[in-house]
Every structure is written in C-alpha cells, then in structure tokens.
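Worksheet: the structure to be examined is printed underneath.
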Amino acid sequence: MMLGASAIRVGAQDRATGKTRFGFDQGREGDLFLVCVRAAKGPARIKSMDYAPALAVPGVVRVFTAGDIPGQNRLGIIPVSKDQEFLAQGLVRHYGQAVALVAAESREAALAGARAVRVELEDLPGVFDPAEALAAGAPLVHADRAEGNLLKENRIIKGDAEAALARSAVLVEAEYAIGRVEHAALEMEGGRAYYQDGRVIVKACTQNPHYDQGDLALFLGVEPDRVRVVQAETGGGFGGKLDVSVQPYLALAAWHLKRPVRMAYTREETFLATAKRHPFRMRYVSGADEEGRLTAVKAELLSDTGAFASYGLAVCMRAAVHATGPYLVPNVAVNCRMAYTNNTWNGAMRGFGVPQVALAHEGQMDALAAALGMDPLELRLKNALRADQATATGQVLKSGVGLTQCLERLRPIYEAWRHGLSHGGWHRQGVGLGCMYYGIGNTGVSNPSTAQMEWLPDGRVVLYTGVAELGQGSDTVLRQLAAQRLGLEPEEIDLCRGDTDRTTNAGASSASRQTYISGNAVLNAADNLEELLLTGARELLGARHLDLDLRGRLILEKGGQGRTLEVKEVARFLASEGREIKAGGRFDPNFTALDPATGQGRPYAAYAFAAQCALVEVDTASGLVKVKEVAAAHDVGRAINRRAVMGQICGGVMMGVGMALMEEYQQGSTDNLQNYHIPTAADAPRVTPLIVEEPEETGPYGAKGVGEPALIPTAPAVAGAVSQALGRPMRRLPLNLERVMEAITTAEDQQP
Amino acid sequence: MELIFKLNGEEVRLSQVPGEESLLTLLRERLGLTGTKEGCGVGECGACSVLLDGKVVNSCLTAAWQAAGREVTTIEGLAGDEDLHPVQRAFVEAGAVQCGFCTPGMILAAKSLLDQNPDPDEEVIKNALAGNLCRCTGYHDIIRAVRRAGKLLRGETS
Ligand code: FES
Ligand code: FES
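First to last, the protein sequences are chains A and B. So in the numbering used here the end of the first sequence lands on 758, straight run, no missing numbers. So in the numbering used here the end of the second sequence lands on 284, straight run, no missing numbers.
Printed below as a string of structure tokens:
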C-alpha cells in the first residue's frame with residue numbers, strides 16, 4: 007500500500023457489524039449502575055442534603071458526596087487551572103452541577119435513588135455574562151481567586167497598530183458574535199470501572215487516557231500506578247471528551263465499593279454536564295492601503311469560560327494568536343479576555359477559539375474588499391501569508407505555507423459560482439469565502455508524544471501508542487506511517503492502543519496534533535527498531551561496520567552484492583540472548599514560549615492552511631438558508647490516507663454549516679437533539695474537497711493535520727455568502743430563521 | 127408479560143417484560159445486543175434503528191411488546207451467515223464509517239431504503255436518511271456508500 011492512497015479504516019468492519027463496544031456500551035451483568043444527583047439551580051449554597059431516603063430505595067447500595075473523595079476534588083486538563091469540583095463542596099457554581107452520586111443494582115434503582123436525595127439549596131447572586139462578570143462588584147464565581155472573575159488576558163502586540171490605522175487609506179470597524187455550541191458526538195459519555203489488586207481500572211470513552219490517569223490518581227489521592235485507564239472505543243469527541251466526565255465517578259465508586267460499576271450519561275446530561283464551545287464577542291478595526299494591502303488589525307475579544315477553567319487558558323491564547331487570520335499584517339494589537347461566570351462550563355471544541363475569530367477576520371476581509379471595490383478573493387490572495395513572511399506573533403514561516411495554492415485551486419469554482427448566481431422569486435443566492443491557518447499542537451508549550459515498536463519472535467510487529475482514536479482515523483494513519491518506514495504492509499502491524507499499562511503518553515487527540523506529533527514519534531520508534539535489528543544483524547554476522555538496510559522482513563547489505571538475512575534469523579538470535587526487540591520513539595515540536603507582554607514568539611512548529619467557498623440560497627419569505635455547495639481547499643502538507651482526509655473535510659464542513667446556521671446552546675431550553683438541531687443528511691451540501699500538498703519539512707513524510715482546519719473556514723464562508731445574498735453583512739451566528747428574517751425586514755425598512 | 131418474537135432469524139421467548147420497556151432497552155440490557163446504539167432516547171437520532179418486519183423503526187420509541195409475533199433484525203443479524211451484508215461492505219469500503227457510532231442504525235436505514243427503492247438518487251437517499259444523525263462524516267461518504275450498496279445488490283459491481 008502506497009502512502010497517500012486510501013486505506014480502509016482499522017476497525018471499520020467491527021463497527022459496521024455492531025461488534026465494537028464503545029464506552030457507552032461498557033457494562034456486564036451484575037455491575038452497579040451510577041447516576042449523579044444534579045443541582046436544580048445555581049449558583050447556590052447547599053443548606054442541607056439528606057440521602058437517607060435514597061438508601062431506603064431497594065437496590066441502592068450507597069450515596070457518595072464530596073466528603074467521600076479521598077484526594078483532590080479539583081480537576082482540569084491544564085495543571086495551573088484545575089478548579090472543577092466533581093461533587094459540589096458546599097457551593098453549587100452552576101445549574102446542573104453534580105452534588106451527589108448514587109450507586110445501585112440497576113439503572114432504575116439508581117434513578118429512583120437520585121430522585122429521593124433531598125437537597126436544600128439557597129440561591130446565591132450569580133453572574134451569567136462575561137462583561138458583567140468583569141465589572142466592579144460582580145459576584146465572584148471562585149471567591150478564592152486573586153484575579154477575581156478574570157481567567158486570563160492575552161495580548162498580541164506587533165508594530166504600532168494605532169499609528170498604522172491612522173495612516174490607512176481605508177478602515178473598517180465591526181462587531182461579531184458567536185454563541186455556545188455543543189459537540190453532540192453521537193456517543194454519549196460512558197464507561198465501566200472495577201477494583202483489582204489494590205488498583206482501579208477504568209475503561210471509558212476519552213480523548214486522552216494518560217491525562218485521565220493522572221487526574222483520577224489526584225482524585226483518589228493515590229500514585230498514578232494505582233489507576234489504569236483503558237480507552238474504550240470512542241464514538242466521536244470533537245473536544246467534548248477531553249475533560250474527564252464519567253471517569254471520576256466510576257473511579258470513586260469502584261474504589262470504595264470494590265465492585266464493578268458502570269455509568270452512562272443521558273443525552274440531557276451530555277448537554278448539561280460537558281463543556282461547550284466558548285462564545286465570543288469580537289470588535290475589530292482593520293486598515294488597508296489603496297492597493298488593498300493590510301496595514302493593521304486591532305481586535306478586542308471577550309469570552310466566557312463558565313464556572314470552570316477547563317481548556318479556557320488554551321482557547322484564550324489560541325484565539326489571540328490566530329485573531330488576525332492567515333495574512334501578512336505588519337501591525338497588530340489583539341487583546342483577548344476570558345471571564346468566569348455561573349454558566350455551565352465551556353471548553354475545547356474543534357478549533358479551540360479559532361473558528362470564532364475566523365468569523366471576524368474573514369468578515370473584515372469582506373468589509374475591506376467592499377470598501378476598496380476589490381474582489382474578495384483577490385484581496386485575500388494579495389494578503390495571504392507566504393513563505394519567509396512573519397505571522398502576527400513574529401514567527402517567520404519557512405515551509406508549508408500553502409494558502410495561495412488553496413485560493414488558486416478555489417478560484418475557478420468561485421468564479422463560476424459568482425457568475426452563475428441566480429435570483430428568482432423569493433430566492434437570493436450568494437457566494438462567500440473563508441480562509442484560515444491553524445497552528446498544529448499546543449500553543450507555545452512542550453507537547454511531546456511517545457510510541458514504541460516491537461518485533462516479536464514469531465514475526466509479528468506491534469505498534470504501541472497512547473493516541474486515542476475517536477473516529478478521526480489515527481489508528482489507520484499511525485499504522486500506515488510505521489509500515490511505510492519499515493517496508494511492511496499496514497496489515498502486518500498489530501496495534502496496541504490507549505492503555506496506560508501498555509502504552510506511554512501521547513498527549514491528547516486534539517489540536518490536530520496526532521498525525522504530525524505522534525506520527526513523528528512513531529517514525530522515530532520505527533527508526534530505532536530498525537537500528538536495533540541492524541545492530542543485531544551485524545553481531546550475528548560478526549561484522550561490526552557492515553552497512554545494512556532493512557527492507558520489510560529482509561536485511562540487505564547496502565550496495566546490493568553482499569549478504570541477505572531474514573529478520574527472523576536476527577530475531578531468533580536476539581531472543582536467544584534474552585534481548586527484547588522493542589524500541590521507543592519520541593517527538594516534541596520546536597517552539598518558543600510567547601512573550602507574556604507582547605505575545606511574540608514561535609508558538610507552533612507547523613501550520614495548516616485552508617480556503618473554502620460556499621454557495622448558498624436564502625429563501626427571503628421564510629429566512630431559511632440552504633447551503634448548496636462548498637468547495638474546500640486544504641493544505642495538509644501530505645495526505646497520508648486520502649479517503650480519511652476527505653472524510654475529515656466533509657465532516658468538518660458539515661459541522662461548520664451547523665455552527666453557521668442552526669446551532670446555539672441555551673441552558674435550560676436546548677437540552678436534547680429535539681430542540682438543539684444538528685445537520686441531517688437533508689442539510690448536506692455537495693462538498694468538493696481539494697487537497698493541496700505543500701510539504702511541511704518537519705512533518706512525517708511532509709504531513710501536517712486536518713481535523714480542525716476542516717471546520718474553521720466554513721462558517722465564515724457561509725456567513726459571507728448569506729451576506730452577499732442579502733446585501734448586508736451578517737456578523738452574528740447562528741444565521742437561524744429569526745436572525746435572517748430580522749435582517750431581511752430591517753433591510754426592507756431601510757429602503758427609501 | 128411474556129414476549130415471543132423472532133430476532134435475527136431465531137425465536138426468542140422472554141418472560142416478565144415490563145409493559146413500558148422499550149425495544150431498545152430490551153435488546154441492549156436484557157439481551158446484551160449492544161450493536162443497537164442509543165443517541166438520544168427520544169426518536170431524533172436514529173442510532174437505535176432496527177428492522178421490524180423489514181421496515182426501519184426507532185427502537186427507543188418502540189415498546190418491546192410491539193415486537194410480539196414479529197421479526198426483528200438488528201445489526202448483529204443483518205449479514206446472516208455471511209461476514210458482511212452488501213450494505214455493510216459498501217459502508218466499510220466507501221469510508222462511510224468514521225467513529226462508527228451511527229453506523230449500525232445508518233446501515234439498517236439504508237437497507238430498508240434499498241429494499242423499497244433499489245436505485246435511489248442522491249436526493250432520495252438524503253431524505254431517507256434524514257432521521258439518522260451522523261456527526262463525523264458530513265454524510266458525503268454515507269451517501270456514496272448507499273449508492274455503492276445499491277450497485278452491489280443489483281449485481282452491477284463486485
Ligand atoms: S436513540 Fe432512538 S432515535 Fe435516538
Ligand atoms: S461516523 Fe461518527 S457519528 Fe457517524
């Protein structure tokens with residue numbers, strides 16, 4: 007199998023036949039069932055809690071409260087902002103927070119027990135808007151924080167934006183807003199845990215088993231080796247399974263009861279008790295010269311982390327870093343603030359703040375194009391980052407800058423759509439563009455991955471990886487990379503994945519980092535395995551300086567004419583000496599931390615680029631927007647598995663369409679898929695994926711990543727297209743019926 | 127209540143099935159057939175789709191007793207004695223399986239469609255699958271898979 011071809015996904019057949027057991031499907035006969043008791047208001051003080059009535063329910067085994075947590079009841083992915091209480095400790099910080107946990111012999115008994123717990127809550131003054139949260143005198147969400155409700159403020163300062171704006175030929179100023187979005191992975195959170203030989207074993211859906219292990223150990227107050235986490239097959243994540251969810255409850259109950267336990271969230275619980283995409287309000291001022299070259303961008307961003315920090319620090323920083331988009335902007339002044347409120351918390355979701363700022367930076371490009379009388383594609387092309395130019399953080403990119411190629415690939419489609427627009431009756435069509443860049447991996451911090459490869463004496467080859475597979479295809483890609491390096495077929499490599507006892511830390515399946523970072527770690531492990539085999543071969547041949555080459559299952563002397571050996575002979579030799587044929591690999595991208603005052607630095611080693619255009623039709627009688635077509639050009643460096651790249655693109659586009667047109671989480675009113683709508687097949691536009699391969703020097707065979715980039719340009723492109731169709735800019739998402747109708751009616755009112 | 131029905135070709139007899147139990151709970155909890163998924167419990171996502179006398183239904187909204195005397199096919203039984211039913215094969219080969227959580231329901235909905243309409247066009251497929259949500263694929267490869275399955279079933283390709 008050639009790298010870059012379309013490989014069939016590992017595990018696809020088991021999924022198609024119903025054999026795969028996801029986290030949600032875990033559980034066996036006799037397991038106890040766990041259900042949380044959730045606060046019906048928040049913020050509030052717990053005046054009293056009486057769980058005796060729950061214990062009287064037949065089948066209820068035990069009720070846990072915060073006092074039963076042996077370790078630290080403050081968890082969170084970012085070490086400096088662990089603040090999430092898994093069982094409320096006197097104070098309920100948001101509506102729906104868990105206050106107790108019921109364990110019972112059946113789901114019915116657990117639910118009945120949860121209903122029987124009497125919790126008396128006293129309302130406390132709360133704050134639900136980030137601007138209000140930062141105003142003087144606002145109620146504090148975490149009274150112990152010296153910074154009050156401000157979680158974080160990030161600045162990116164380059165040049166002198168004020169002076170450059172004052173000198174600019176054109177200026178555009180506008181506000182943008184985007185609400186909270188739910189991941190709505192089809193699988194709801196679930197898993198199982200049991201106690202064995204002084205350890206707790208947790209098998210649940212997750213995007214990061216090694217992080218889970220560390221936090222569960224903190225929660226139980228034990229060393230990490232007392233906790234084993236195994237990633238259950240995971241039915242989609244999109245960032246929603248990066249925070250721990252059911253895992254602490256499972257671990258706590260198994261630890262105390264020494265019995266197997268299972269837990270599965272309902273869809274309502276998934277809405278209420280997992281993170282959402284951060285809402286953003288954004289005010290931008292952008293300037294350009296007469297020719298349309300950007301002179302400066304100034305941006306003020308405000309977001310809400312909700313009651314807990316989760317990934318807030320990362321989202322705040324990443325939004326700031328990407329705020330000016332994939333363009334050469336000589337003068338930059340970005341300020342991004344994120345505040346605590348008493349809303350349910352927000353966290354990582356596909357793109358970490360970049361989809362939000364992309365709405366604004368692309369809206370600004372459209373506004374500038376209009377002000378300059380230029381074509382929006384030409385304006386973007388003129389300003390697109392190129393190799394050897396500096397980003398907003400002053401990072402000069404040497405290779406892998408493929409935005410101009412993406413735009414050129416789009417151009418014929420874009421022009422054909424622009425010329426073919428039809429307006430008839432109530433229907434108006436429009437075409438919009440969205441561009442983006444996305445730094446691969448975590449921002450300005452070390453984020454290594456590790457892997458091992460082993461050649462077993464019976465000839466099987468095993469790849470050990472901690473990388474969580476969520477459906478994005480990492481199993482398949484990592485195996486392809488390993489096979490390519492060793493000269494084997496992917497099917498010849500067995501995978502051992504996502505088990506903290508058997509694999510080592512690969513970091514999160516997030517930030518589009520696994521192909522690039524873990525891909526490199528796997529190649530490094532394969533190289534080290536090869537070295538081990540070649541050294542063994544030299545010893546076996548008694549020739550220490552022989553120049554050898556590994557080709558699949560053969561070892562050849564370089565230059566051709568010399569000796570040939572089978573790997574199996576070497577393996578037998580090494581085994582006879584009691585030596586393991588297992589080698590490790592590691593990769594950590596090159597970065598520099600951002601300057602705390604100016605945000606300047608090299609936060610990522612590689613960036614993905616993309617441009618998409620959307621063709622929409624608006625029914626001006628009903629406000630209904632139909633996205634008819636999307637063309638999506640993505641510079642992925644190198645497509646390792648073409649089919650998977652295209653699948654990611656089509657899936658990302660569809661999620662972007664949902665974010666653009668229909669998705670907004672409203673606490674209390676959108677609590678299931680009945681009233682929170684995600685796109686169905688009937689909403690699916692025709693998607694044309696265009697793969698651009700501008701090799702990234704440091705990537706595995708030139709690859710970067712595509713998971714998040716696939717989504718980021720879609721909403722801006724759709725918003726731009728609707729704006730064109732309606733003849734007025736649409737800067738708040740989602741563009742639902744009400745919002746579109748309001749725009750149509752106010753536009754009509756303004757007609758002379 | 128005693129309940130007798132045919133499940134994946136074999137007769138099943140169960141006693142003491144509560145009247146309000148859903149077919150989904152019966153399949154997953156009582157019979158351990160976890161290939162039928164749950165994604166909402168309220169008839170919105172189609173992850174729980176099964177075939178009842180060959181027609182696709184949401185098992186979360188179907189009371190278990192409604193299966194009495196009828197034939198239920200779940201994903202585990204679709205292929206019969208084969209490894210894969212042609213619809214399953216088409217899904218695997220077309221890259222229509224990403225996380226795979228929607229896949230069992232999607233495949234059964236597609237099978238039900240193709241039984242009624244062996245050669246549906248894109249619009250028909252989109253509308254027929256509109257009750258089955260997928261968050262990963264954007265439906266693109268699922269639609270391709272259904273067309274491919276149609277071809278396989280009509281014997282137009284191997
Ligand atoms: S679980 Fe039945 S339709 Fe969602
Ligand atoms: S493949 Fe994940 S929901 Fe469809």
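C-beta atoms are modelled at their ideal positions from N, C-alpha and C, and glycine is treated no differently.
Exclusion of B/SER238 from the 8 Å shell around ligand 1 follows from its C-beta lying no nearer than that to any non-hydrogen atom of the ligand. A straight line joining the alpha-carbon of A/ASN352 with that of A/GLU670 spans about 13 Å. The DSSP assignment places complete alpha helix (DSSP H) segments of no fewer than 4 residues inside the stretch 222-282 of chain A at 253-263 and 273-278, in order along the chain. Listed in chain order, the non-local C-beta contacts of B/ALA189 below 8 Å within the same chain comprise GLY145, GLU146, GLU147, SER148 and LEU149, local neighbours out to five positions each way being set aside. Residue side-chain check: A/CYS42 keeps its Cβ at 8 Å or more from all non-hydrogen atoms of ligand 2.
Beta-bridge annotation (DSSP): A/PRO695 is paired with A/ALA638. Any Cβ of chain B closer than 9 Å to the Cβ of A/GLU193 would place that residue at the interface, and such an atom is present.
Selection B/LEU157, B/SER185 and B/CYS171 evaluated against B/LEU177 yields B/SER185 as nearest (Cα-Cα). When the Cα atoms are used, A/ALA527 and A/CYS342 turn out to be separated by approximately 33 Å.
A/LEU487 and A/PRO215 do not touch by the CB rule: their CB atoms are close to 21 Å apart, not below 8 Å.
Annotated three-state conformation of A/MET55 is strand, per DSSP. Counting only heavy atoms of ligand 1, the residues whose C-beta sits closer than 6 Å to one of them are, along the chain, B/GLU164, B/GLY165, B/CYS166, B/GLY167, B/GLY169, B/GLU170, B/CYS171, B/GLY172, B/ALA173, B/CYS174, B/ASN184 and B/CYS186.
Cβ-Cβ separation between A/GLY400 and A/LYS164: approximately 6 Å, consistent with a contact (criterion under 8 Å).
Between A/THR301 and A/ASP295, the beta carbon gap of about 6 Å places them in contact (Cβ cut-off 8 Å).
With a cut-off of 8 Å, the C-beta of A/MET660 is classified as distant from ligand 2, since no heavy atom of the ligand falls inside that distance. A/VAL642 sits buried, since 16 or more C-beta atoms from the chains shown fall within 10 Å of its C-beta. Scanning its chain for C-beta atoms nearer than 7 Å, with the 5 sequence neighbours on each side dropped, one finds around A/ALA727 the residues GLY436, VAL437, GLY438, ALA620, LEU621 and VAL622, in chain order. Distances between the C-beta of B/ARG261 and the heavy atoms of ligand 2 include at least one below 8 Å. B/VAL223 has its Cβ nearer than 8 Å to a heavy atom of ligand 2. In terms of Cβ geometry, A/ILE718 and A/GLY357 form a close pair [threshold 9 Å]. Under a 10 Å Cβ-count criterion, A/GLU536 is classified as buried, with 16 or more other Cβ atoms of the shown protein chains found around its own Cβ. Comparing C-alpha distances from A/PHE593 to each of A/ILE523, A/LEU374 and A/ILE655 shows the shortest one belongs to A/ILE523. Under the criterion of beta carbons closer than 8 Å, B/GLY172 and B/GLY221 do not qualify as touching, at roughly 20 Å. Straight through space, the alpha carbons of A/GLY447 and A/PRO595 are spaced by roughly 8 Å. Comparing C-alpha distances from B/LEU157 to each of B/HIS266, B/ALA271, B/HIS211 and B/VAL198 shows the shortest one belongs to B/VAL198. In the three-state reduction of the DSSP assignment, A/GLY568 falls in the coil class. Excluding sequence positions up to five before and after A/ARG113, its CB lies within less than 8 Å of the CB of PHE39 and VAL41, all in the same chain and listed in chain order. Listed along the chain, the chain B residues whose CB falls inside 9 Å of the CB of A/ARG273 are GLU164, GLY165, CYS166, GLY167, VAL168, GLU170 and CYS171. Residue environment: A/ARG34 is assigned as exposed (fewer than 16 neighbouring CB atoms within 10 Å of its CB, all protein chains considered).
Here the distance from the Cβ of A/LEU256 to the nearest heavy atom of ligand 2 is not below 8 Å. Relative to B/LEU133, the option among B/PRO246, B/GLY167 and B/ASP179 whose CA is nearest is B/ASP179.
Distances taken from the Cβ of B/PHE227 to the heavy atoms of ligand 2 include one shorter than 8 Å.
In this structure, the beta-carbon distance from A/GLY525 to A/LEU484 falls below 9 Å.
Per DSSP, A/GLY657 is one residue of the alpha helix (DSSP H) stretching across 648-667. In the DSSP assignment, A/ARG557 falls within the unbroken beta strand (DSSP E) covering 554-557.
Cβ neighbours of B/LYS163 within its own chain (closer than 7 Å, five residues either side excluded): ALA173, CYS174, PHE227, PRO230 and GLY231.
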